[in-house]
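Read in my numbering, the sequence shown has 187 at position 158, and its numbers run on one by one without any break.
Backbone N, C-alpha and C fix where the C-beta goes; we use that ideal spot for every residue, glycine too.
What follows is a set of notes on a single structure, which appears directly below.
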Amino acid sequence: SKVLFIAVVISLTAGWKVPAQSDIEKTKHLNNRANYNPAIIARTDYLYLFSNVRHQWTGVDGSPKVLNVQASEYFHNLRSAFGVSLVGDKIGITRSYNPMLSYAYRIAIDDDFSFSMGLSLGMFYRSVDGSLFEAEIINDPSLRYSKEEIFQPDANVGVEFLSPYLILGLSSTHLLSIGSADPSFQN
């Protein structure tokens, strides 16, 4: 029965294509969840400013460089938060930038519990500069030696439930690229 169940699951899912997106390394923004869930900017106690600049393997050509900055403020009279962010990532021959404007609406259930809904809108830019390849086989036909760029509108959406002992959120990023045939969004 277990073998039959596994066989049915594999046969039903084997033909599915699941696209993926590439974001900056997760370890670089664990302290800034707003990159994934815009509902988190509805913090009521303070102006939130975040920055993270990282240059890994200094002195090595093409080494990863990450820029991650964000600012947001909650306005009690509007029960809303507004924010701005910029994420930049350079790894080898690829560069990506993702500036976003964010909005979140907060519903206070009581002093300890709240529910927030958020939306981020902005642009996504990625470039791949094939002229920077250092191929062992000159003019390798499997490599593109030109520079390719993509600019595309971008959107993130999320919800969050907050209590003194639990933060529960659900979000989706790069909504406008889901199902895109353009390989610039996929790795």
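Three-state secondary structure assigned by DSSP to residue i
i: Asn168; result: coil
i: Ala63; result: helix
i: Gln50; result: Residue confidence for Gln50 is low, a pLDDT of 49 falling below 50, so the modelled location carries little weight; the figure read from the coordinates is stated next. In the structure shown, Gln50 sits in coil (DSSP, three-state: anything other than H, G, I, E or B).
i: Val32; result: helix
i: Leu199; result: strand
i: Gln215; result: Reliability of the predicted coordinates at Gln215 is poor, the pLDDT of 49 falling under 50, and the value obtained from them is presented with this limitation in mind. Three-state result, Gln215: coil.
i: Ile138; result: coil
i: Ala71; result: coil
Range covered by the beta strand (DSSP E) that runs through residue i
i: Phe153; result: Ser143 to Asp158
i: Ala180; result: In the sequence on display, residue 180 carries Phe and not Ala. It spans Lys176 to Leu191 - the beta strand (DSSP E) in which Phe180 sits, taken as one unbroken run.
i: Leu96; result: Lys94 to Phe104
i: Ala110; result: Ser109 to Ile120
i: Arg173; result: Run containing Arg173: none; DSSP gives neither H nor E here.
i: Phe79; result: Tyr77 to His84
Option nearest residue i by Cα separation, candidates the options
i: Ser131; options: Lys31, Met146, Leu96 and Leu195; result: Met146
i: Phe162; options: Thr123, Phe190, Ser30 and Ser200; result: Thr123
i: Trp75; options: Gly112, Val37 and Lys119; result: Per the sequence shown, residue 75 should be read as Tyr rather than Trp. Nearest of Gly112, Val37 and Lys119 to Tyr75, Cα basis: Gly112.
i: Ile179; options: Glu189, Arg155, Val188 and Leu191; result: Arg155
i: Ala71; options: Gly187, Thr202, Ser201 and Ser206; result: Gly187
i: Phe79; options: Pro67, Asn66 and Val98; result: Val98
i: Ser101; options: Ser114, Val89, Ser92 and Leu107; result: Ser114
i: Gly151; options: Ala68, Ile35, Arg62 and His203; result: His203
i: Phe153; options: Glu165, Ala133, Lys176 and Ser125; result: Ser125
i: Asn106; options: Ser201, Gly91, Ala137 and Asn81; result: Ala137
Anticipated Cβ contact below 8 Å, residue i with residue j, distance rounded
i: Ser149; j: Ala110; result: No, Ser149 and Ala110 are not in contact; Cβ-Cβ is about 11 Å, not under 8 Å.
i: Arg108; j: Arg135; result: 5 Å
i: Leu96; j: Gly117; result: 4 Å
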